[in-house]
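*Asks:* Residue numbers (this note's numbering): 169 to 554.
Have a look at this one.
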Amino acid sequence: MNTVVKAGALLTPSGFVSNGLVAIAGDTIAGLQQPVAGSTVIDLSEYRVLPGLIDMHIHGAKGSDVMDGTPQAIATMSQWLARTGVTSFLGATVTADMARTRAALENIARCCRAELPGARLLGAYLEGPYIGVEHRGAHHQDYIRPARWEEIESLLAAGQGSVKVVALAPERAGAVVEKLTGRGIKVAMGHTNATYAEAMAAIEQGASIAVHIFNGMRGLHHREPGIVGAALTSPKVFAELIADGVHVAPAVMDIVKRCKGAGGVVLVSDCIRAGGLSDGEYTLGELDVTVTGGIARVKGSDSLAGSTLRLLDGVKNMVEMTGTALADAVAMASLNAARALGVDSWLGSIEAGKKADLIAVDDEYNVVFTMVGGKIVFDSRGGGAG
């Protein structure tokens, strides 16, 4: 089946094109050109058409969480994500006992093979238990431990090839970093007290992502720049950023962008099960969380516990809080994530040969249309799915 999407403004790798066209053959973008005769036309000429966003670090949404370990939880997340402009995601775990973590990874492996109602599940993001106690954030202290390869292998086996990222504290990882990268798994540095030297050593061993930079890590100091200094200055590292203006101040969001350049920042939501719901009491792993004014904290403390952020709002915040060009801000939530995960050959931008993952947004950043692999999964214009 051939389809053509007509956009009011189309974001291509070279920038916005007025009245752009996207020709789609099956699940793939055929090109940015006039359609072949008989193509089905989708008229989005009143909207901006953007590449589908990729949330590589999300725990939950709409009352569901990756750690629930059920297909329904992943399906609920998938549907909500599609409605909010995300077309691909990694399901992030949180520190828990081994049995619960294995069950969550086994469920992700099953869901990667299943048909989901919205956003595509790319795999698992193992966050914990191989982190540091000092900057654990909303991770249960009782289950935190140093990295042991034999145990990690058992978790990778449970994930059946679905584990794409392992987040750990470099100072507690030993030789694990090289073993993981040798298997093609991305290593992220987070919830860590690593010094600059320890972080740089991990980067040389293949670590390539900084987990939600500035959060859950030793801070930047002029005599010990720590992991923040290493991540901001190494061109080998993508810096995750929770761009809600709460996890880091808007000025620091701007500093991260200026240090890393537009191509080195990956916007993530770090959203928990409270995403898309009202303030109240929730859980993250085995910890109780209180959400007030949309801000999630570990109950009875000031420690942030993920977020309730829509990834598209992170894009909006980069534009409005830091003056980032919209095209660059969108890339931070799409192409940069694809590059960080090594899937940019088939995801992350609107160009020939890539999956037909498209979203349409109005001037207020409301999502009105979402397509995943050529299939309409959300359409608020009065027709289609959703």
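Glycine residues also receive a C-beta, built at the ideal position from the N, C-alpha and C atoms.
May I have the straight-line CA-CA distance separating leucine 284 from leucine 249, to the nearest angstrom?
*Replies:* 11 Å
*Asks:* Where serine 469 and glycine 384 are concerned, what is the direct C-alpha to C-alpha distance, given to the nearest angstrom?
*Replies:* So the two alpha carbons sit approximately 15 Å from each other.
*Asks:* What does the alpha-carbon distance come out to for the pair leucine 479 and valine 344?
*Replies:* If I take the Cα positions, the gap works out to 31 Å.
*Asks:* Quick check on the DSSP output: what are the complete beta strand (DSSP E) runs of length 3 or more inside the segment 221–276, in order along the chain?
*Replies:* 221–226, 254–260
*Asks:* Please report the distance separating the alpha-carbon of serine 508 from that of alanine 243.
*Replies:* The residue you asked about is not serine; residue 508 is alanine in the sequence shown. One C-alpha to the other measures close to 24 Å.
*Asks:* Whose C-alpha, out of Gly541, Glu214, Ile192, is nearest the C-alpha of alanine 205?
*Replies:* Ile192
*Asks:* Under 6 Å Cβ to Cβ from arginine 216, same chain only, skipping five residues before and after it: list those, please.
*Replies:* Ala177, Val529
*Asks:* Between which two residues does the beta strand (DSSP E) carrying proline 219 extend?
*Replies:* 208–219
*Asks:* Suppose only complete runs of 4+ residues qualify. What are the alpha helix (DSSP H) ranges in the segment 386–427, listed by chain order?
*Replies:* 394–401
*Asks:* For alanine 370, does the three-state DSSP call read helix, strand or coil?
*Replies:* helix
*Asks:* Are the CB atoms of alanine 277 and glutamine 328 nearer to each other than 8 Å?
*Replies:* yes
*Asks:* In whole angstroms, give me the CA-to-CA distance for alanine 520 and methionine 245.
*Replies:* Cα to Cα, alanine 520 sits roughly 28 Å from methionine 245.
*Asks:* Using only alpha-carbon positions, find the residue among Leu494, Lys484, Leu200, Cys439 that is nearest to glycine 462.
*Replies:* Cys439
*Asks:* Out of Glu302, Asp310, Pro239, state which residue places its alpha-carbon closest to the alpha-carbon of cysteine 168.
*Replies:* An answer regarding residue 168 cannot be provided, because it is not within the stretch 169 to 554 covered by the chain.
*Asks:* Work out the CA separation of threonine 196 and proline 131 for me, nearest whole Å.
*Replies:* Here the chain has residues from 169 to 554 only, and residue 131 is not among them.
*Asks:* Less than 8 Å between the CB atoms is what I'm expecting for lysine 523 and glycine 541, so what's the real figure, rounded?
*Replies:* 5 Å
*Asks:* Which residues mark the beginning and the end of the beta strand (DSSP E) in which isoleucine 463 is found?
*Replies:* 463–466
*Asks:* If isoleucine 381 and alanine 398 are in contact, beta carbons under 8 Å, what's the gap, nearest whole angstrom?
*Replies:* At roughly 11 Å, the Cβ-Cβ gap does not stay under 8 Å, so isoleucine 381 and alanine 398 are not in contact.
*Asks:* Can you check DSSP and say which residues form a bridge with glycine 199?
*Replies:* Note: glycine 199 sits in a beta bridge opposite Ala191.
*Asks:* Between alanine 411 and leucine 221, which are expected to be in contact by the criterion C-beta below 8 Å, what is the C-beta distance as a whole number of angstroms?
*Replies:* About 12 Å; that fails the 8 Å criterion.
*Asks:* Could you check what DSSP says for threonine 363 in three-state terms: helix, strand or coil?
*Replies:* coil
*Asks:* Comparing alpha-carbon positions, which option in Leu409, His307, Thr363 lies nearest glycine 453?
*Replies:* His307
*Asks:* Kindly indicate the opening and closing residues of the beta strand (DSSP E) around isoleucine 527.
*Replies:* 526–529
*Asks:* Please specify which runs of the beta strand (DSSP E), each continuous and at least 3 residues long, are wholly inside the segment 317–355, giving them in chain order.
*Replies:* 331–336
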